[in-house]
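Below: one structure, written as structure tokens.
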Amino acid sequence: MWKEFKKKYAPYLLYLIAKFIYITNKKIYHHPKDDKEPFVLCMWHGDLLSQIFNYHHFRKGWVIKALISENRDGEMIAKIASLFNCGAIRGSSSNGASKVLIRAIKELKIGNDVAITPDGPRGPRYSIADGVVIISQKSGKKIRCFNALPSKYWQFKSWDKFVLPKPFGKIDFYISEPFSVEDMELETAKSFIKEKMMQHSLI
48 MWKEFKKKYA PYLLYLIAKF IYITNKKIYH HPKDDKEPFV LCMWHGDLLS QIFNYHHFRK
108 GWVIKALISE NRDGEMIAKI ASLFNCGAIR GSSSNGASKV LIRAIKELKI GNDVAITPDG
168 PRGPRYSIAD GVVIISQKSG KKIRCFNALP SKYWQFKSWD KFVLPKPFGK IDFYISEPFS
228 VEDMELETAK SFIKEKMMQH SLI
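The opening residue of the sequence shown carries number 48 in the numbering used here; numbering runs sequentially from there.
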């Protein structure tokens, strides 16, 4: 019974909690100019909750699709994302990964943004998987790094050290200038992306 309740209602509860946290915090946006080009949104798995607010403040009226795993946690994340008007590209890094990458590339080429957590869904924390580089290079679209730094927060003991901002604090939202990894070797590109991502990350 508890599992059924959790499956049906937990996404709505988490959605309301996230909205309450966002409304009650002072928000400071460190956003560059929007060039109106589709991009690959790169965010850490442990920081993903804040980024939907970061994105919608930056872009209004755009379609965004997030790469979300097909496991149980992914199902809940996909439902919460849909409540925030964020679509999902469901797939597994171990089964049918190429199909997921192809779908992401197609979304970018038709003008939609694509979001990815390069250290998800299983980590290790703050690692960069190949997917974000492949998607950017094959689509010809640039990457923007998204980060949020809350002044007060809870940090879970999960592998990603998931961060939940506390109410009535301050959140600094960061978005990088778009950058290309088009002519880089895979490992060089991954190191470059991680360097960009770590500029505004909780240690």
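Virtual Cβ for every residue (Gly too), placed ideally from N, Cα, C. None of these values were measured; they are calculated from a predicted model.
query	result
contact_flag[the region 110 to 126, the region 213 to 227] where n(CB pairs < 8 Å) is 3 or more	no
Short Cβ contact (8 Å threshold) for Val-210 with Tyr-221	no
Integer-rounded CB distance, given that Trp-91 should sit under 8 Å from Asp-166	6 Å
Residue(s) in a DSSP beta bridge with Ser-116	Gly-138
Cβ pair count under 8 Å reaching 3, the region 55 to 73 against the region 181 to 191	no
Cβ pair Asp-160, Ile-111 closer than 8 Å	yes
Cα-Cα separation between Trp-206 and Thr-71, rounded to whole angstroms	28 Å
Buried versus exposed call for Tyr-76 [16 or more other C-beta atoms within 10 Å across all chains shown]	exposed
Bridge-paired residues (DSSP) for His-77	Tyr-221
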